[in-house]
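Shown next, in structure tokens, is the structure this report addresses.
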Amino acid sequence: MDKTLPRILIIELIGAFGLVFFSSGLICVNQMTLASHQLGVLGIALGQGLILAAMLALTAPATGGYLNPAITLMLWVFGRVETQKAAGFMAVQFAGSILAAVCLYFTFDASVLGPAQFGAPHLNTLAYPTVGQGTLFTGAVLELVLTFFLVFAIFGLTGGDALKLGIVAGMIATVCALFGFALTGACMNPARWLGPTLLEAFNSTNPPRSPWTDSAIYLGGPIVGALVGGFVSFKVFLAPEK
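Residue 61 is where the sequence shown starts when you use this note's numbering, and the numbers rise one by one after that.
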């Protein structure tokens with residue numbers, strides 16, 4: 061066993077916790093604030109982009125897990141990370157997400173968490189009044205596209221500068237949130253989805269629809285998007301010239 065693995069996993073856990081806690085917390089803050097002082101989509105998108113930029117700049121050079129199970133899985137598929145390390149990364153990414161959601165439970169009142177859905181990403185009922193195969197497919201494709209561009213921004217960047225990586229990833233995440241927040245929540249990360257949704261499911265009483273109804277969007281979309289983004293980044297964009 062790699063003696064540095066426990067240290068790396070702790071760093072990845074902290075990064076995933078911070079990413080989910082603040083990304084979901086911004087939605088809760090927006091819910092509890094007076095309409096004239098709400099963050100709105102712009103504020104939430106900027107906040108989510110900034111926290112991703114900061115967490116990636118701090119953790120990616122040390123761990124290489126990128127705080128995202130979809131990206132970790134993609135790296136494993138393309139042989140960029142060992143099996144043991146990939147499994148550990150995904151375990152702590154999901155664990156960090158659940159811990160963040162638990163902390164949100166003790167941070168905000170139920171009157172805020174309920175309407176905010178614990179900050180979990182879901183299909184917007186205004187954009188998609190009913191959930192069926194068509195809307196699930198549409199949502200999954202959107203998450204696929206957003207995740208593709210996030211992965212392409214991260215791995216298409218050359219030079220290995222952690223600060224530059226964080227800034228570029230944060231910028232693309234902000235744009236993705238501005239575009240997709242009102243549709244699917246612009247999740248792009250299964251860990252970002254799981255923790256808040258799990259706590260929402262445990263604490264919901266007779267919700268209009270189950271928190272798990274749109275699960276396929278936040279698992280399938282980011283995973284396929286990351287795989288396509290990885291292929292384009294590693295096999296096309298950064299392919300060695302013959």
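We treat Cβ as the ideally placed atom computed from N, Cα and C, and that holds for glycine.
Residue i - containing alpha helix (DSSP H), residue span
i      : result
Arg316 : The chain is shown only over 61 to 302; residue 316 falls outside these bounds and no answer can be derived.
Trp272 : Taken as a continuous stretch (DSSP letters only), Trp272 belongs to no alpha helix (DSSP H), as it is neither H nor E.
Leu210 : Gln193 to Phe215
Gly125 : Counting along the chain, Gly125 falls outside any alpha helix (DSSP H), and DSSP gives it neither H nor E.
Ser264 : Ser264 -> no alpha helix (DSSP H), and no H or E assigned at all.
Gly351 : Residue 351 lies beyond the residue range present for the chain, which begins at 61 and ends at 302; the question has no answer from this structure.
Thr234 : Ala222 to Gly240
Supposed contact pair residue j and residue i - C-beta distance, whole angstroms, cut 8 Å
i      : j      : result
Val172 : Met92  : 4 Å
Glu260 : Ala180 : 5 Å
Thr132 : Gly125 : 5 Å
Cys247 : Ala176 : Rounded, the Cβ-Cβ distance is 15 Å, inconsistent with contact.
Ala128 : Asn249 : A small correction: the amino acid at residue 128 is Asn; Ala does not occupy that position in the sequence shown. Going by Cβ atoms, the distance from Asn128 to Asn249 rounds to 5 Å, so yes, they are a contact pair.
Ala222 : Ala120 : 6 Å
Residue i (DSSP reduced to helix, strand or coil)
i      : result
Tyr278 : helix
Tyr165 : helix
Phe190 : With the sequence shown as reference, residue 190 is identified as Thr, and Phe is not the correct amino acid for it. It is coil, neither helix nor strand.
Asn90  : helix
His97  : helix
Leu311 : Given a span of 61 to 302 for the chain in the structure shown, any question on residue 311 remains unanswerable.
Pro181 : coil
Thr64  : coil
Gly245 : coil
Thr298 : Here residue 298 turns out to be Leu, not Thr, going by the sequence shown. Residue state, collapsed to three classes: coil.
Note to self: Pairs of beta-carbons, one from the region 254–268 and one from the region 142–158, closer than 8 Å: are there three or more?
What the structure shows: yes
Checklist line | Segment contact, 8 Å Cβ cut-off, at least three pairs: the region 207–217 with the region 229–243 | finding: yes
Notebook entry, point to check: Does the pairing of the region 234–243 with the region 97–113 give three or more beta-carbon distances under 8 Å?
Noted result: yes
Notebook entry, point to check: Would the region 107–121 and the region 261–276 be scored as touching if the rule is three or more Cβ pairs under 8 Å?
Noted result: no
Next item on the list: Count the CB pairs spanning the region 80–89 and the region 201–208 that are closer than 8 Å, and state whether there are at least three.
Entry: no
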